[in-house]
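Remarks on the structure that follows.
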Amino acid sequence: MTDISYWGNSRVSGQESELQRCFARVGAEHGFTDVNANWERFKEFKATWKRCSTSAELLITDYMKESGEDLITDLARGIFGRMGRGGVKEIYSERLKQHFLSPEFILRNQPLYLRRSRNLAYAQQGRVHDLRTLEQDLHDLGLVKRVPHAYISWTKGDNRQRVGYCSVIMRVVAISRVLDRKEIPSFVPSYVLYHELIHLENGLRFGSYHDREFRERERIHPHHEEAERWLRRIVADPQFR
Ligand SMILES: [Zn+2]
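Numbering (our numbering), first residue to last: 2 to 242.
Structure (structure tokens):
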């Protein structure tokens with residue numbers, strides 16, 4: 002990564018200097034004298050950092066680019082808090098969590114996230130199973146609540162190891178195309194979709210995503226046991242490769 006001097010450089014955007022300003026200020030509160038923070042086009046919402054004694058270099062998800070100084074400062078506090086030994090583990094302030102739930106955040110960032118997702122089919126209707134129908138059935142059964150702006154799609158590839166995926170923050174659920182076959186009963190993709198929709202409904206959580214409450218809720222699905230058996234078979238059976 003190149004070393005960018007951000008002060009007095011008119012070519013550097015105002016947003017970048019805002020990021021740098023926030024992180025340098027919060028870094029200083031944590032004893033860092035040399036902080037260099039830049040936006041990065043990560044697919045996932047994340048930040049990475051390298052630290053060496055009192056200097057830190059950070060790459061921050063550009064999904065925060067329009068979030069403004071207060072929220073960027075909150076994120077900086079969370080990250081520096083986590084960098085310090087024995088510091089806070091919870092990275093997001095309440096204000097940040099509210100921001101992630103706002104329509105502005107999701108309407109700006111979800112399309113960006115979808116463009117960066119290389120493995121999505123961008124389709125709910127599969128060759129055999131329709132995710133919209135499966136989702137509707139789960140709602141009709143009262144198993145999950147509707148989450149606004151949720152985007153659901155089949156994947157392009159047949160991933161057997163990871164049959165479902167959910168980005169809670171971007172409200173995107175992907176179901177592996179390996180489950181979209183006529184020999185696989187619809188309750189199998191329904192069950193995996195249910196699992197991912199519970200994640201969406203639960204939102205960002207501090208601690209384990211698959212806690213006891215989650216597992217208990219998962220078991221409410223009418224085909225829980227059969228679906229689990231199917232999934233074990235799909236992982237093990239070469240015919241699904
Ligand atoms: Zn899960």
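Positions of the beta carbon are idealized from the N, C-alpha and C atoms, including for glycine.
{"Asked": "Outcome for V129 when other beta-carbon atoms lying within 10 angstroms are tallied against a minimum of 16", "Found": "exposed"}
{"Asked": "Sub-8 Å separation of A38 and L72 beta-carbons", "Found": "no"}
{"Asked": "At least three beta-carbon pairs within less than 8 Å, the segment 92-112 to the segment 161-176", "Found": "yes"}
{"Asked": "C-alpha gap between F188 and E217, whole angstroms", "Found": "18 Å"}
{"Asked": "Residue span of the alpha helix (DSSP H) that contains Y195, given as start and end", "Found": "F188 to N203"}
{"Asked": "Alpha-carbon to alpha-carbon, G28 and R230", "Found": "50 Å"}
{"Asked": "Those residues, in chain order, that have a beta-carbon closer than 6 Å to some heavy atom of ligand 1", "Found": "H196, H200, Y210 and H211"}
{"Asked": "Beta-carbon separation (whole angstroms), D63 vs W40, contact threshold 8 Å", "Found": "4 Å"}
{"Asked": "Beta-carbon proximity of E70 to C23, cut-off 8 Å", "Found": "yes"}
{"Asked": "Euclidean distance between Cα positions of F43 and R117", "Found": "8 Å"}
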